[in-house]
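Just so we're aligned, residue 6 is where the sequence shown starts under my numbering, counting upward by one.
Heads up, the thing below is written out as structure tokens.
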Amino acid sequence: LALNKLMKNLVNRTSFTTMLNISTKVAISMMMMVLTRPTMGLLKSYPVVNNKLLWGCEERLARGGALLMGRRRRSKTLKEKPPKKVMVQPVGGVPEVARVHPESYDHLLNEKVKKMESMIYEAFKEAESSDPSLANPVFPPVEIFESSRDSFRMRANFKIWRTGSEEKGFGTHYVMYERGDSRTPHEVRFYPMGSKTIQDLMEPLIVAIQENTELRDRINDVRFLTTLAGDALITITYNRPIGEAWIEAINNLSGKLGSVKFVGRSRRVKLVVGDDTVKETLNVPNRGVCHYVQTEGAFTQPNALVCEKMLGWAYDATRDSYDDDLCELYCGNGCFTIALAPNFRQVIATEVSKSSVALAQQNLAANDVKNARVARLAAEDFVEVFDGKIFRRLDDAGIRIVKQGLKTDRAEEVAYEDGDSVMYFDRLTTLFVDPPRAGLDVTCRKLAAEFERIVYVSCNPETLARDLGELATTHEPIRIAAFDQFPYTPHLEAGVVLKRRKK
6 LALNKLMKNL VNRTSFTTML NISTKVAISM MMMVLTRPTM GLLKSYPVVN
56 NKLLWGCEER LARGGALLMG RRRRSKTLKE KPPKKVMVQP VGGVPEVARV
106 HPESYDHLLN EKVKKMESMI YEAFKEAESS DPSLANPVFP PVEIFESSRD
156 SFRMRANFKI WRTGSEEKGF GTHYVMYERG DSRTPHEVRF YPMGSKTIQD
206 LMEPLIVAIQ ENTELRDRIN DVRFLTTLAG DALITITYNR PIGEAWIEAI
256 NNLSGKLGSV KFVGRSRRVK LVVGDDTVKE TLNVPNRGVC HYVQTEGAFT
306 QPNALVCEKM LGWAYDATRD SYDDDLCELY CGNGCFTIAL APNFRQVIAT
356 EVSKSSVALA QQNLAANDVK NARVARLAAE DFVEVFDGKI FRRLDDAGIR
406 IVKQGLKTDR AEEVAYEDGD SVMYFDRLTT LFVDPPRAGL DVTCRKLAAE
456 FERIVYVSCN PETLARDLGE LATTHEPIRI AAFDQFPYTP HLEAGVVLKR
506 RKK
């Protein structure tokens, strides 16, 4: 059929010439893929066909055919089925990736802290080598904030593994994968890292899933989200459509599990039973109680008790700033915004996620924080705002950035004609950042260098060290902290307070 259509086009010289001018190489390549030598001979017999078009096609076809045969041979190798996955049942029902080692906790934490301290020290030493005036930097001692030895994770995700058959009966299991091995599932019957609420919910939930076909059929994974306040939200995902039958099955189950909320997800479908949010209450040292709404699918700190310590450290590090304004990038649901707001005259917080902005505004209202505004803006865009560019989203949020050097009498709220209010930020002296693992980009590092004080919280000490190396020429460290958000793993949360160097 394709050849027949091609012949019809070739009858019309103008049409073929146009096609040739537009994409000669593409046309020739297609011919080499679909035409055989006899067909090419047939084409040559047509008087309207320009033999130049077929110049060298025989040789190219031969080379292309050899390549295609090679590809076919390689494809057979690639299509060989990998060995069938078999679930491993570890001793005690706890795979190594989920085990806790209280007897080794201190040693493991000290090793992580030493590595982090070394990276930060090397970053400033490298800056010193390029600028002799930075020689002999003084480093503050590292403040170490430990985690609980077990039951510290407020959220957990488990893949679901099915065994057996319809005749012999099905078995349904939570599984996890060891680090570096994404092919071998390990059964999880007990999860000592999880909160007490997660541990209590795991067994009755998996039993209910196994006994109910609607809950079990083509299930993908189960995700727990819990809080210190006692709330629990369970998300179950499927590789099939779900609907009213699933809701009915969950309603029957929720009566047995108490006040647990459920979310069901499949492709383009989200079903909610109860609610898709949980409430968290954190007792921040020296600050007091902070209330947060957390939503399904949004980022939350996994270790709530260590999160309290992080907030307390940041609150203490920014004391006595009542006459200054705070700029926060990557504010998320307003976790740090709410904790730090009492220390400052005003706070501007930015976040790129629309849902997170709405959640942050909700949390500000729940904590009666009135001196902070949240705008939906990427951190990179705020760099342009700081240079004087006007964004409609800032106006919509009631935020005005006053250029440096132009002081207002007081940056109090000024009434709009429509009754709304606007905050003028003319004293932005402190920058708070808690970026993703990639750290700050070049533009954000340049922005940070403009501030008198920088409070940098990082989940990746490597990118933190890189960024500190760039900021070392303008700022020096006055506080360094290590927060063990992720016990028994190589990961460590770090905090650094930088102040501008004296000229």
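Don't be surprised by glycine CBs; every beta carbon is placed ideally from N, CA and C.
Small disclaimer: the values here were computed from a predicted structure and weren't measured.
- Less than 8 Å separates the beta-carbon of residue 353 from that of residue 378.
- The stretch 288-327 contains, as complete beta strand (DSSP E) runs of 3+ residues, the segments 293-300 (chain order).
- Leaving aside the five residues that flank residue 311 on each side, the residues in its chain whose CB is nearer than 7 Å to its CB run, in chain order, 150, 152, 488, 489, 490.
- Comparing alpha-carbon positions, the option among 315, 229, 428, 178 lying closest to residue 350 turns out to be 428.
- Note: residue 166 is bridge-paired with 178 in the DSSP secondary-structure output.
- Closest by C-alpha distance to residue 246, out of 323, 201, 239, 219, is 219.
- Residue pairing from DSSP leaves residue 143 without any beta-bridge partner.
- Under the three-state reduction of DSSP, residue 96 is assigned to helix.
- Assigned with DSSP and collapsed to three states, residue 120 falls in helix.
- Taking 8 Å as the cut-off, the Cβ atoms of residue 495 and residue 86 do not count as close.
- Boundaries of the beta strand (DSSP E) around residue 381: 377-381.
- Following the DSSP letters along the chain, one finds residue 152 in no beta strand (DSSP E), marked with neither H nor E.
- Going by DSSP, residue 190 is part of the beta strand (DSSP E) stretching over 190-192.
- In chain order, 93, 181, 183, 191, 192, 193 place their CB closer than 8 Å to the CB of residue 100, counting only its own chain and leaving out the 5 sequence neighbours on each side.
- DSSP assignment within the stretch 419-458 yields the following whole alpha helix (DSSP H) runs of 4 residues or more, N-terminal first: 447-453.
- The criterion of a C-beta distance shorter than 8 Å is satisfied by residue 269 and residue 241.
- Close CB contacts of residue 485 within its chain, under the 6 Å cut and outside five residues either way in sequence, are with 145, 147, 501 (chain order).
- When the alpha-carbon of residue 453 is set against those of 476, 252, 213, the nearest one is in 476.
- Residue 127 is classed as exposed because its beta carbon has fewer than 16 other beta carbons within 10 Å across all chains shown.
- The beta carbon of residue 320 lies closer than 7 Å to those of 289, 291, 292, 344, 345, 348 in the same chain, with the five residues before and after it left out.
- Counting only residues of its own chain and dropping the five nearest sequence neighbours on each side, residue 316 has a CB closer than 6 Å to the CB of 289, 344.
- Within the DSSP bridge table, the entry for residue 482 names 503 as partners.
- Non-local beta-carbon contacts of residue 233 in its own chain, meaning distances under 6 Å to residues more than five positions away in sequence, involve 309 in chain order.
- For residue 261, the secondary structure class from DSSP, reduced to helix, strand or coil, is helix.
- With contact defined as three or more Cβ pairs closer than 8 Å, the stretch 326-336 and the stretch 167-176 are not in contact.
- Distance from the Cα of residue 304 is smallest, within the candidate group 274, 272, 356, for 356.
- Here residue 156 is actually not in contact with residue 97; their C-beta atoms are around 16 Å apart, not less than 8 Å.
- The alpha-carbon separation between residue 472 and residue 202 amounts to approximately 38 Å.
- Taking 8 Å as the upper bound for CB-CB distance, residue 284 and residue 298 are in contact here, some 6 Å apart.
- Beta-bridge annotation (DSSP): residue 353 is paired with 332, 378.
- Straight-line measurement puts the Cα of residue 271 at about 21 Å from the Cα of residue 237.
- The continuous stretches of alpha helix (DSSP H) do not include residue 407, and DSSP gives it neither H nor E.
- Per the coordinates, the alpha-carbon of residue 89 lies some 46 Å from the alpha-carbon of residue 365.
- Distance from the Cα of residue 105 is smallest, within the candidate group 120, 122, 196, for 196.
- Between the alpha carbons of residue 397 and residue 124 lies a gap of roughly 41 Å.
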